[in-house]
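**Student:** Following this message is one structure expressed as structure tokens.
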Ligand SMILES: *Cc1c(COP(=O)(O)O)cnc(C)c1O
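In the numbering used here, the protein residues as written are 4 to 385.
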């Protein structure tokens, strides 16, 4: 059976800011590059671009490529399969992964992904996987998550030196992670740097010659003076999360369009439970994204979006797939473009605003954007 076909229409390009689906997250790769360059100018270390969690929702492969183009010399990811994805996409720079299952070790080794090791048991598992070559020993300097307890460190480094002498493994790095990395106060970070320096001295005494020592994350790299470290692991800053206000540029904007517009009368309620009841006649617009797409439900009472240059408040509850905005007496039409967040340069909300409305951090807003939201890549003109 054939469906009735509409007559062929001339191919039309979408309008300049038009979008194809219900919403899209547009990632400006030039902002990623610019943010990498900003860090390279400000810090002494090389940049390890942290593209875990699909590059904080931005898309790991395109972001990794852009970061490497702008001079990042390493990539960092949490999970093994994230590292494998980068290798499969053809990225050749060294990659460090710090969360993996023993069963994944062989695959990681096969494509020369560096792994983090915190204990002798982990080291032995790595050594017994013939393909595994490059290891970074992690010292816990105060975060108290992964990392070798300081009192296990000498044994770990001596064991590592033993295996290295046998040619079973190369200890390429020694590292730690800051507990107060996003703080403007470097007291705790400085303490952790001292502990890491001691750890490196002990490792050298055990015979290890790591080629990279690394400690700082984005904000830590800016606050902590650590010229004797080689890499900074830059995550948040890549995406324009600007914890210290150094002029980073948010790379993602999330845009949608009103799918319906209608008038309601004073006294009428909107959305589940009628949390909002209109106190006047007003125009309401439907935005076709919801908490399944990453719009935080808890933000409903404070949030707003931008439409025709005007901030329209979210009214009523945010549902799984949609929410409603109050356009007042503004002339809006179905299909009107809506910016859920952007870089703020046109007065639109930012991911940082949404984080504020939801009582969280922009990292969680970006990571929460769901798989129903297509990512599109562009090269900005700024
Ligand atoms: C996420 C992460 C980073 C990046 O931190 P940002 O504050 O986002 O720059 C660095 N190192 C480790 C171990 C991480 O898990």
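Virtual Cβ for every residue (Gly too), placed ideally from N, Cα, C.
1) Alpha helix (DSSP H) containing residue 371: first to last residue?
2) For my contact list, residue 25 and residue 292 are in at a C-beta cut-off of 8 Å; report their separation, rounded to the angstrom.
3) In the DSSP assignment, find the unbroken beta strand (DSSP E) run with residue 379 in it and report its ends.
4) Could you give the DSSP three-state label for residue 212: helix, strand or coil?
5) Pick out every residue whose C-beta is nearer than 5 Å to a heavy atom of ligand 3: which are they, in chain order?
6) Quick check on this structure: which residue in 210, 239, 65 has the alpha carbon closest to the alpha carbon of residue 31?
7) I want to know whether the region 357-367 touches the region 270-281 - three or more CB-CB distances under 8 Å.
8) Are the CB atoms of residue 254 and residue 238 within a distance shorter than 9 Å?
9) What does the alpha-carbon distance come out to for the pair residue 46 and residue 224?
10) Report the residue from 44, 172, 35 whose alpha carbon sits nearest the alpha carbon of residue 72.
11) Counting only the same chain and skipping the five closest in sequence on each side, list residues whose C-beta sits under 6 Å from that of residue 2.
12) Just list the residues that DSSP pairs residue 98 with in beta bridges.
13) Taking 9 Å as the cut-off, decide whether the C-beta atoms of residue 137 and residue 172 are in contact.
14) Alpha carbon to alpha carbon, how far is residue 382 from residue 63? Give it in angstroms, no decimals.
15) So, under 8 Å CB-CB, residue 124 and residue 161 are touching, yes? Tell me the CB distance rounded to an integer number of Å.
16) Does DSSP put residue 337 in a helix, in a strand, or in coil?
17) In whole angstroms, give me the CA-to-CA distance for residue 330 and residue 67.
18) Select from 158, 309, 216 the residue whose C-alpha is nearest the C-alpha of residue 180.
19) Can you list the beta strand (DSSP E) stretches of 3 or more residues lying completely in the region 24-66, in chain order?
20) Look at residue 177 and residue 202 and say whether their C-beta atoms are less than 9 Å apart.
21) Going by alpha carbons, who is nearest to residue 275 out of 195, 214, 285, 303?
22) Apart from the five residues just before and just after residue 92, which ones in its own chain have a Cβ nearer than 7 Å to its Cβ?
23) Enumerate in chain order the residues of its own chain whose CB-to-CB distance from residue 108 is below 6 Å, with the five nearest sequence positions on each side excluded.
24) So, for residue 375: in the same chain, excluding its five sequence neighbours on each side, which residues have a beta-carbon less than 6 Å away from its beta-carbon?
25) DSSP three-state call for residue 237: helix, strand or coil?
26) Quick one: grab the DSSP three-state call for residue 283.
27) Under a three-way DSSP split, which group does residue 325 fall into?
28) Would DSSP call residue 276 helix, strand or coil?
29) If the criterion is Cβ atoms closer than 9 Å, does the pair residue 174 and residue 211 meet it?
30) Specify the secondary structure class of residue 391 as computed by DSSP and reduced to three states.
31) Chain C beta carbons: is any one of them nearer than 9 Å to that of residue 304?
32) Quick one: what's residue 109 bridged to in DSSP?
33) On the criterion of 16 or more Cβ atoms from any shown chain inside 10 Å, does residue 14 qualify as buried, or is it exposed?
34) Measuring straight from C-alpha to C-alpha, what distance separates residue 139 and residue 117?
35) To the nearest angstrom, how far is the alpha carbon of residue 288 from that of residue 336?
**Tutor:** Reading from the atomic positions:
1) Taking the chain shown and counting its residues from 1, one reaches residue 371 at position 368. Per DSSP, residue 371 belongs to the alpha helix (DSSP H) from 365-371.
2) Taking the chain shown and counting its residues from 1, one reaches residue 25 at position 22. Taking the chain shown and counting its residues from 1, one reaches residue 292 at position 289. Indeed, because the Cβ distance is near 7 Å, the residues count as touching under 8 Å.
3) Looking up residue 379 in the chain shown gives position 376. Per DSSP, residue 379 belongs to the beta strand (DSSP E) from 378-381.
4) Residue mapping note: residue 212 aligns to position 209 of the chain shown, counting from 1. DSSP places residue 212 in the coil class of the three-state scheme, outside both helix and strand.
5) Among the ligands present in this structure, namely ligand 1, ligand 3 is not found.
6) Counting from one through the chain shown, the residue named residue 31 turns up at place 28. Looking at the Cα atoms, 65 is the closest of the given residues.
7) Flag = no, the region 357-367 and the region 270-281 do not touch.
8) Position 235 of the chain shown, counted from the first residue, corresponds to residue 238. Position 251 of the chain shown, counted from the first residue, corresponds to residue 254. Contact flag unset, no.
9) Reading the chain shown from its first residue, position 43 is the one you call residue 46. Reading the chain shown from its first residue, position 221 is the one you call residue 224. Between residue 46 and residue 224, the alpha-carbon positions lie close to 7 Å from each other.
10) Start at 1 with the first residue of the chain shown, and residue 72 comes out as number 69. In terms of CA proximity to residue 72, 35 leads the group 44, 172, 35.
11) The chain is shown from 4 up to 385; residue 2 falls before or after that span and cannot be answered.
12) Locating residue 98 in the chain shown gives position 95, where the first residue counts as 1. Answer by DSSP bridge pairing, in chain order: 78.
13) The residue you call residue 137 lines up with position 134 of the chain shown. The residue you call residue 172 lines up with position 169 of the chain shown. Cβ distance < 9 Å, so residue 137 and residue 172 count as in contact.
14) Mapped onto the chain shown, residue 63 falls at position 60. Mapped onto the chain shown, residue 382 falls at position 379. Near 16 Å, if we compare the C-alpha coordinates of residue 382 and residue 63.
15) Taking the first residue of the chain shown as 1, we reach residue 124 at position 121. Taking the first residue of the chain shown as 1, we reach residue 161 at position 158. Not quite, the Cβ-Cβ distance comes to about 15 Å (not below 8 Å), so this is no contact.
16) What you label residue 337 is simply residue 334 of the chain shown in a count that begins at 1. Note: residue 337 maps to coil in three-state DSSP.
17) Position 327 of the chain shown holds residue 330. Position 64 of the chain shown holds residue 67. Rounded to whole angstroms, residue 330 and residue 67 show a C-alpha spacing of 39 Å.
18) Your numbering for residue 180 matches position 177 in the chain shown. Of the listed residues, the one whose Cα sits closest to residue 180 is 216.
19) The region 24-66 contains these whole beta strand (DSSP E) runs: 26-31, 49-53.
20) The residue you call residue 177 lines up with position 174 of the chain shown. The residue you call residue 202 lines up with position 199 of the chain shown. The Cβ atoms of residue 177 and residue 202 lie closer than 9 Å to each other.
21) Here residue 275 refers to the residue found at position 272 of the chain shown. Considering only alpha carbons, the answer is 303.
22) Indexing the chain shown from 1 puts residue 92 at position 89. Same-chain partners within the cutoff: 64.
23) Numbered from 1 along the chain shown, position 105 holds the residue referred to as residue 108. Within the same chain, residue 108 has close Cβ partners 132, 135.
24) Numbered from 1 along the chain shown, position 372 holds the residue referred to as residue 375. For residue 375, where only same-chain residues beyond five positions count, the Cβ hits under 6 Å are 296.
25) The count along the chain shown starts at 1 and reaches residue 237 at position 234. In the structure shown, residue 237 sits in a strand (DSSP, three-state: E or B).
26) Against the chain shown, residue 283 aligns to sequence position 280. Coil.
27) Position 322 of the chain shown, counting from 1, holds the residue named residue 325. Assigned with DSSP and collapsed to three states, residue 325 falls in coil, not helix or strand.
28) Counted from its first residue, the chain shown places residue 276 at position 273. Residue state, collapsed to three classes: helix.
29) Position 171 of the chain shown holds residue 174. Position 208 of the chain shown holds residue 211. Between residue 174 and residue 211, the gap from beta carbon to beta carbon is short of 9 Å.
30) Look at the range of the chain in this structure, 4 to 385, and you will see that residue 391 is not part of it.
31) The question asks about chain C, but that chain is absent: this structure has only one protein chain.
32) Taking the chain shown and counting its residues from 1, the one referred to as residue 109 is at position 106. Residue 109 pairs with nothing; no bridge assigned.
33) Mapped onto the chain shown, residue 14 falls at position 11. In this prediction, residue 14 has a pLDDT of 41, which is less than 50 and means its spatial position is unreliable; nothing more can be read from the coordinates.
34) In the chain shown, residue 139 corresponds to position 136, counting from 1. In the chain shown, residue 117 corresponds to position 114, counting from 1. So the alpha carbons of these two residues sit roughly 7 Å apart.
35) To locate residue 288, count along the chain shown from 1; it is residue 285. To locate residue 336, count along the chain shown from 1; it is residue 333. In this structure, the straight-line span from the alpha carbon of residue 288 to that of residue 336 is close to 8 Å.
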